[in-house]
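**Student:**
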């Protein structure tokens, strides 16, 4: 990959600005591309595993996303939120495969199930208390629909704004607000206030 000398090198200070990093990448800065991969590949893997247990598929889709953005970077639009941009790209890639591949026919044909298995599925948790709390949180979230779990994940785990959730879930602003409120109401009507505070605390601590 050849580096374009007209781009501005990525400095430690500039790494806090997604817009600058992305613009550098679009201008041909290979250091910016490497930074984007290292910064977001693990988050993309964790995100992709919410939709399927096929680790190989998720890894292949992530590689495909990065290859395609590199190949097409001269034609890509600007963004001030790289993670959101990559999340949308990976989700679209996975969903296209789910719709086309008969192997995944058991999954909802329009919307693959978003699982709330966060960190305990693939990692060894040394602290037994932490494992117990995470398992309790997952059981509590089971009262939600896959769509509700997904929006709660975006809002409280990833900290996405309503506008960003609109983009990644392809919903309008009012529908996004309504779904979040319905999800929280479902939790409130099912669990006590203390239990609600507990699950939301764990979500933002992930």
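Numbering (our numbering), first residue to last: 536 to 741.
Built from N, CA and C at the ideal position, the CB exists for glycine as well.
1) In angstroms with no decimal places, state the Cα-to-Cα distance between residue 548 and residue 611.
2) For residue 583, I'd like the list of residues in its chain whose CB is within less than 7 angstroms of its CB, leaving aside the five on either flank, ordered along the chain.
3) Take residue 698 and list the residues in its own chain whose beta-carbon comes closer than 8 angstroms to its own, dropping the five residues that flank it on each side.
4) Residue 602: buried (16+ other C-beta within 10 angstroms of its C-beta) or exposed?
5) Just reading off the alpha helix (DSSP H) that residue 627 is part of, what are its end residues?
6) Checking 8 angstroms against the spacing of the C-beta atoms, do residue 686 and residue 727 come in under that value?
7) Candidates 604, 561, 691: which alpha carbon is nearest residue 623's?
8) Between 585, 562, 706, which lies nearest to residue 692 when the distance is taken from Cα to Cα?
9) For the alpha helix (DSSP H) containing residue 561, list its first residue and its last residue.
10) So the candidates are 681, 700, 682; which of them puts its Cα closest to the Cα of residue 744?
11) Please determine, among 588, 729, 554, 711, the residue with the shortest C-alpha to C-alpha distance to residue 613.
12) Under three-state DSSP, which class holds residue 576?
13) Figure out for me which residue from 587, 619, 674, 725 has the closest Cα to the Cα of residue 574.
14) Is the beta carbon of residue 617 sitting closer than 8 angstroms to the one on residue 556?
15) Looking at the structure shown, is residue 677 part of a helix, part of a strand, or coil, going by DSSP?
**Tutor:** From the atom records:
1) Reliability fails at residue 548, whose pLDDT of 40 lies under 50, so the model's placement of it is uncertain and no value is given.
2) 593, 596, 597, 625, 629
3) 708
4) exposed
5) 617-635
6) no
7) 604
8) 585
9) 553-561
10) Because the chain in this structure spans residues 536 to 741, residue 744 falls outside the shown range and cannot be described.
11) 554
12) helix
13) 619
14) yes
15) coil
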